[in-house]
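Colleague: Let me begin by handing over the structure; questions about it come next.
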Amino acid sequence: MQERIYTIPISEVFEPKDGCPICAMHDILEQRCVEYIMGAAMMEPDVRVETNRLGFCKTHLDMMHARQNRLSLALILETRLAEIHKNLFEKGKMPSRKKEPAPPTCYVCQKIESVMDGMLDNILKIFFSDPEFQTLFREQPVVCLPHYEMLAGRAAHKLSKKQLPVFMEALNPLTERYLAELAGDVHHFTTRFDYRFGGKDADWGNSRDSIERAMWFLTSRK
């Protein structure tokens with residue numbers, strides 16, 4: 232069941248050529264994971280053990296809450312709160328002087344990260360084994376900054392010295408071109424507040440939503 236939920240044909244996110252394909256991949260995985268947790272996973276003890284242990288970040292709790300299935304969310308929270316109480320207030324348990332506080336964890340974040348690692352590896356493999364996909368990859372309109380860094384880092388660890396420059400030659404323009412256009416739009420936006428260029432007849436060009444686009448480009452989140 233879980234394997235089907237987290238399996239996405241790579242072509243499904245690249246063929247539309249609409250925004251960052253890795254963002255699309257992440258968003259599909261995120262939606263499927265949240266739907267699964269709030270639905271079928273309620274009856275799967277191994278998943279409940281993990282959600283009790285890891286919990287959820289604010290972003291994914293908000294997504295779960297937005298689905299308006301209050302009973303499912305309450306059942307998940309009930310066992311998560313019980314797990315926290317057990318771990319914090321066991322009889323005689325004292326805080327360690329040496330142990331650093333554990334960083335926050337999230338079941339959805341960890342699941343997405345795990346699945347994405349495998350999918351990024353597959354992208355690198357298909358890029359070199361399928362000429363049509365390589366062409367499709369080069370035709371993408373943009374790869375956002377976080378996913379550029381993710382792909383570049385993965386490529387540096389997985390590809391040979393001969394393959395790496397070929398892949399980066401295809402990847403770099405997808406981010407650099409968008410970055411240059413975005414920087415120009417943000418600059419144009421700032422000049423519209425100069426009395427010499429502003430006014431009701433000011434030419435805003437493509438700059439009106441440049442702040443929002445920059446926020447997305449820098450974080451991968453809309």
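Residue numbers (this note's numbering): 232 to 453. For each residue, glycine too, the CB sits at the ideal point set by N, CA and C.
Does DSSP put methionine 325 in a helix, in a strand, or in coil?
Modeller: coil
Colleague: Going by C-alpha distance, which of Leu312, Glu407, Gln371 and Asp352 is nearest arginine 279?
Modeller: Nearest to arginine 279 by C-alpha distance, out of Leu312, Glu407, Gln371 and Asp352, is Leu312.
Colleague: Verify whether the separation of the beta carbon atoms of leucine 461 and arginine 385 is less than 8 Å.
Modeller: Since the displayed the chain opens at 232 and closes at 453, residue 461 lies outside it and no answer follows.
Colleague: Just the C-alpha distance for threonine 366 and glutamate 400, rounded to the nearest angstrom, thanks.
Modeller: 12 Å
Colleague: Between valine 397 and proline 252, what straight-line distance do the alpha-carbon atoms span, to the nearest angstrom?
Modeller: 19 Å
Colleague: With respect to the alpha helix (DSSP H) encompassing valine 280, which residues constitute its N-terminal and C-terminal limits?
Modeller: 276–285 is the span of the alpha helix (DSSP H), which, as asked, contains valine 280.
Colleague: Please return the same chain residues whose Cβ sits closer than 8 Å to the Cβ of leucine 306, not counting the five positions on each side in sequence.
Modeller: Within the same chain, leucine 306 has close Cβ partners Met273.
Colleague: For serine 327, is the classification buried or exposed, using 16 other Cβ atoms within 10 angstroms of its Cβ as the cut-off for buried?
Modeller: exposed
Colleague: According to DSSP, simplified to helix, strand and coil, what is lysine 342?
Modeller: helix
Colleague: Proline 332 to phenylalanine 368, Cα distance in whole Å?
Modeller: 42 Å
Colleague: Kindly indicate which residue of Asp440, Val374 and Phe424 has the alpha-carbon position closest to the one of alanine 433.
Modeller: The candidate whose alpha carbon is nearest that of alanine 433 is Phe424.
Colleague: Return the CA-CA distance between methionine 232 and cysteine 264, expressed in angstroms with no decimal places.
Modeller: Because methionine 232 sits at a pLDDT of 45, beneath the cut-off of 50, its placement in the model cannot be relied upon, and the following sentence gives the value as read from the coordinates. Taking the straight line from one Cα to the other gives about 12 Å.
Colleague: Please work out which residues of its chain come closer than 8 Å, Cβ to Cβ, to valine 417, disregarding the five sequence neighbours upstream and downstream, and give them in chain order.
Modeller: Counting only Cβ-Cβ distances below 8 Å, and skipping sequence neighbours, we find Ser438, Ser441, Ile442 and Ala445.
Colleague: Which whole-angstrom value is the C-beta distance of valine 244 and phenylalanine 287, which I expect to be below 8 Å?
Modeller: Wrong, their Cβ atoms sit about 25 Å apart, outside the cutoff.
Colleague: Measure how close the beta-carbons of glutamine 371 and leucine 413 come, nearest whole angstrom, since I'm counting them as under 8 Å.
Modeller: Their Cβ separation, rounded to whole angstroms, is 16 Å, which puts glutamine 371 and leucine 413 out of contact at 8 Å.
Colleague: So the candidates are Lys248, Leu319, Thr422 and Phe358; which of them puts its Cα closest to the Cα of glycine 436?
Modeller: Between glycine 436 and the set Lys248, Leu319, Thr422 and Phe358, the nearest pair of CA atoms involves Thr422.
Colleague: Work out the CA separation of asparagine 283 and leucine 308 for me, nearest whole Å.
Modeller: 8 Å
Colleague: Run the CB neighbour count on isoleucine 315, radius 10 Å, all protein chains shown included, and call it buried at 16 or more, exposed below.
Modeller: exposed
Colleague: Using C-beta distances below 7 Å, list every residue in its chain close to leucine 376, excluding the 5 sequence neighbours before and after it, in chain order.
Modeller: Thr406, Phe448 and Leu449
Colleague: Taking the alpha helix (DSSP H) that valine 373 belongs to, which residues open and close that run?
Modeller: Element bounds for valine 373: n/a, residue is neither H nor E.
Colleague: Is the beta carbon of histidine 291 closer than 8 Å to that of cysteine 254?
Modeller: no
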